[in-house]
Amino acid sequence: MQPSRRTVLRSGLVAAGATASLTVPQLRATAAAVTPRTDPFALGVASGDPDPTSVVLWTRLAVDPDAEDGQGGMPGRTYPLEWEVAEDVRFRRVVRRGLALASPAYAHAVHVEARGLRPGREYYYRFRTGRHVSPTGRTLTAPAPFGRTGSLAMAFVSCSQYEHGWFTAYRRLAEDHPDLVLHLGDYQYEYKAGDYVAASGNVRDHDGPETVTLPNYRQRYSQYHADLDLQAAHHAAPWLVVFDDHEVDNNWADETPEHPEDAPGFPARRAAAFRAYYENMPLRPRSVPRGPDIQVYRRLQWGRLATFHMLDTRQFRDDQACGDGYDDCPDADLPQRSLPGAEEEAWLADGFRRSRARWDVIGQQVFYGKRDSTATPDNTVSMDAWDGYRPSRQRVTDSWVKAGVRNPVVLTGDVHAHWASDVYACFDATADRDVDQSIVGAEFIASSITSGGDGYDEPTGQHPWAAWNPNLNFWTNLRGYVNTTITPEHFTADFRCVPKVSVKDQPAFTRASFVVDDGVRGMRQTASNPLLQAATLAPRTDAQKIRDTIAAETA
Numbered sequence: 001m002q003p004s005r006r007t008v009l010r011s012g013l014v015a016a017g018a019t020a021s022l023t024v025p026q027l028r029a030t031a032a033a034v035t036p037r038t039d040p041f042a043l044g045v046a047s048g049d050p051d052p053t054s055v056v057l058w059t060r061l062a063v064d065p066d067a068e069d070g071q072g073g074m075p076g077r078t079y080p081l082e083w084e085v086a087e088d089v090r091f092r093r094v095v096r097r098g099l100a101l102a103s104p105a106y107a108h109a110v111h112v113e114a115r116g117l118r119p120g121r122e123y124y125y126r127f128r129t130g131r132h133v134s135p136t137g138r139t140l141t142a143p144a145p146f147g148r149t150g151s152l153a154m155a156f157v158s159c160s161q162y163e164h165g166w167f168t169a170y171r172r173l174a175e176d177h178p179d180l181v182l183h184l185g186d187y188q189y190e191y192k193a194g195d196y197v198a199a200s201g202n203v204r205d206h207d208g209p210e211t212v213t214l215p216n217y218r219q220r221y222s223q224y225h226a227d228l229d230l231q232a233a234h235h236a237a238p239w240l241v242v243f244d245d246h247e248v249d250n251n252w253a254d255e256t257p258e259h260p261e262d263a264p265g266f267p268a269r270r271a272a273a274f275r276a277y278y279e280n281m282p283l284r285p286r287s288v289p290r291g292p293d294i295q296v297y298r299r300l301q302w303g304r305l306a307t308f309h310m311l312d313t314r315q316f317r318d319d320q321a322c323g324d325g326y327d328d329c330p331d332a333d334l335p336q337r338s339l340p341g342a343e344e345e346a347w348l349a350d351g352f353r354r355s356r357a358r359w360d361v362i363g364q365q366v367f368y369g370k371r372d373s374t375a376t377p378d379n380t381v382s383m384d385a386w387d388g389y390r391p392s393r394q395r396v397t398d399s400w401v402k403a404g405v406r407n408p409v410v411l412t413g414d415v416h417a418h419w420a421s422d423v424y425a426c427f428d429a430t431a432d433r434d435v436d437q438s439i440v441g442a443e444f445i446a447s448s449i450t451s452g453g454d455g456y457d458e459p460t461g462q463h464p465w466a467a468w469n470p471n472l473n474f475w476t477n478l479r480g481y482v483n484t485t486i487t488p489e490h491f492t493a494d495f496r497c498v499p500k501v502s503v504k505d506q507p508a509f510t511r512a513s514f515v516v517d518d519g520v521r522g523m524r525q526t527a528s529n530p531l532l533q534a535a536t537l538a539p540r541t542d543a544q545k546i547r548d549t550i551a552a553e554t555a
């Protein structure tokens, strides 16, 4: 019997005749290359994956981001790019510089690993080709592994559907001056214009067809990167990114697309999606995809303060039980099923055992805590979240409890609403264990940047499901992001919101704040600021809120 592609990938083998891997070529500048006549830095710059002595610097050349071939209007030539890193925004104290080559094979994207930097420092960077100079980006290196770390300002975001609204929340995030940004998935959406319409209406259209081919995905990323509000967030701080489903296909799982009839072409679609994802994200070369496979689960150490365990909950998961929606499904309790996959579960457990950080932060994509959608005795939950993989969730929770993790915090995206949820030692009774509702961790969930369109607020800050899900402490359906401040003593989460995304340049405000204290299991609310002045959509009944929640997560 031949091994499956998953087995090949997980064992580190490359089978003869498999899809050709994407390798980093040794490039030379095209002799005939000339400086573009117009500014080729229309997509901005970015940095990411910082460690104590290096950071990835990214840019991608484009003079026409809407070009259907995905090449951004650039000729089929390789262009030399000068890059430099300085200690000051005016580049009077340049500490590193070099040459990168932007090749059409990678849609003129470059990934520079700027090395030899000092730990725990702020830097500025830029690129140049001929007379054209890129925007300036700000980045930071991580503190030394055993150095003293005072605090970290970290923001996390997810779900930016370009058609559903203006990316104002990205700009407000940049204005809050974070030191690190976590993007937890759905950076871009695959739909063609008008296929996915927000309740408040779409304010702009996607270019091109539904993304299936490499040119499709490249064009879509160009359209997103050309947005100046998104660029501002990239320019403000280094990013740590992972994908969810819409970077490829809605609700996909490993080798299974959303629609079964698309299965024959799905490996090629995944290969195109991952190649474009790598080309457009500030990832290190270790994440260069191999055909339909890419390595993105990884760890980032921020001194002794925090370890970030970034998960991939799509590429290795078992397919959703009983379909992708809400169901009371017995298959959700099958012990062999896993959301991140057995190998990634083991990797995460090993990271918990080895960690000596004050805070262990799990950056991942789908709701971790329990959310039963009905008050009846059944267990009608989302099959696309950890509720649909209950033994897998239990194993992960048990692994951090067994390892004695000092302060576990789960960060989540996906669901287009802000939530705060306690993590219990056990959420569900099974044949071999009782429900144990002792609190062993905290989960904070970021709303979407735009996905779902204009939201709405409730003065109580509670979803009706909280009445029968006691782990749920807070909810609002407004769009936004979460700012966190991490110190040795506290982990503070501020739920930032914008009143509308259908109107440009809205203000941001903190709807609620929660704190986890060092060594204390559970969270406490420290502030609440109901939306009082800005116009909202018509009030929802409890039944409408439930329907809205389910609809948002199955779109």
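Each residue of the sequence shown is one higher than the one before, starting from 1 at the first, in the UniProt record's numbering. A virtual CB, placed ideally from N, CA and C, is assigned to each residue, including glycine. Keep in mind it's a predicted model, so treat the numbers as computed, not measured.
Can you grab the Cα-Cα spacing for the pair Pro-459 / Asp-548, in whole Å? Going from the Cα of Pro-459 to the Cα of Asp-548 covers about 18 angstroms.
Residue interval of the alpha helix (DSSP H) (run including Leu-184): According to the DSSP assignment, Leu-184 belongs to no alpha helix (DSSP H), since it is labelled neither H nor E.
Exposed unless 16 or more other CB atoms sit within 10 angstroms - verdict on Asp-457: By the neighbour-count rule (16 or more Cβ atoms within 10 Å), Asp-457 is buried.
Which same chain residues end up closer than 6 angstroms to Ser-200 when comparing Cβ atoms and leaving out the 5 residues on each side of it in sequence? For Ser-200, the CB contacts under 6 angstroms within the same chain, skipping 5 residues up- and downstream, are Gly-453, Asp-454, Ser-502 in chain order.
For the beta strand (DSSP E) that contains Gln-394, what are its first and last residues? Element bounds for Gln-394: not the beta strand (DSSP E) but the alpha helix (DSSP H), 390-403.
Any idea if Lys-402 is buried or exposed, counting beta-carbon neighbours within 10 angstroms, 16 or more meaning buried? Exposed, because fewer than 16 other Cβ atoms sit within 10 Å of the Cβ of Lys-402.
To the nearest angstrom, how far is the alpha carbon of Tyr-196 from that of Ala-555? Distance between the alpha carbons of Tyr-196 and Ala-555: 8 angstroms.
What residue does the beta strand (DSSP E) around Arg-299 start on, and which one ends it? It spans 298-302 - the beta strand (DSSP E) in which Arg-299 sits, taken as one unbroken run.
How about Asp-422 and Gly-522: do their beta carbons lie closer than 8 angstroms? Asp-422 places its beta carbon less than 8 angstroms from that of Gly-522.
Rounding to the nearest angstrom, what Cα-Cα distance links Asp-312 and Arg-298 in this structure? Distance between the alpha carbons of Asp-312 and Arg-298: 9 angstroms.
Inter-stretch contact (C-beta, 8 angstroms, three-pair minimum) for the segment 141-150 and the segment 84-92: Between the segment 141-150 and the segment 84-92, the count of C-beta pairs closer than 8 angstroms stays below three; the two stretches do not touch.
For my contact list, Ile-449 and Val-241 are in at a C-beta cut-off of 8 angstroms; report their separation, rounded to the angstrom. Incorrect: roughly 14 angstroms between the Cβ atoms, too far for contact.
Counting C-beta neighbours from all protein chains within 10 Å, is the total for Val-94 16 or more, i.e. buried, or is it exposed? Around the beta carbon of Val-94, fewer than 16 other beta carbons lie within 10 angstroms, which makes this residue exposed.
Those runs of the beta strand (DSSP E) which lie wholly inside the segment 254-312 and span at least 3 residues: Taking 3 residues as the minimum length, the beta strand (DSSP E) runs contained wholly in the segment 254-312 are 298-302, 306-310, in order along the chain.
Val-55 - partner residues in DSSP beta bridges: Bridge partners of Val-55: Ala-114.
Throw me the rounded Cβ distance for the Val-409 and Trp-359 pair, which I believe falls under 8 angstroms. That pair is a contact at about 6 angstroms.
If you compare alpha carbons, which of Ile-546, Ser-160, Trp-58 is closest to Leu-101? Just measuring C-alpha positions, the residue of Ile-546, Ser-160, Trp-58 sitting nearest Leu-101 is Trp-58.
Please report the straight-line C-alpha distance between Arg-220 and Ala-429, rounded to a whole angstrom. Straight-line spacing of the CA atoms in Arg-220 and Ala-429 works out to 45 angstroms.
Quick check: the Cα distance between Pro-292 and Ala-237, rounded to an integer number of angstroms? So the two alpha carbons sit approximately 30 angstroms from each other.
Would Arg-356 be called buried (16 or more neighbouring beta carbons within 10 Å of its own) or exposed? So Arg-356 counts as exposed.
Ordered along the chain, which non-local residues of its own chain (more than five positions away) have a Cβ less than 7 angstroms from that of Arg-204? Closer than 7 angstroms at Cβ, skipping near neighbours: Tyr-162, Glu-163.
What do you reckon, are the CB atoms on Arg-121 and Ser-134 nearer than 8 angstroms? Not closer than 8 angstroms, so no.
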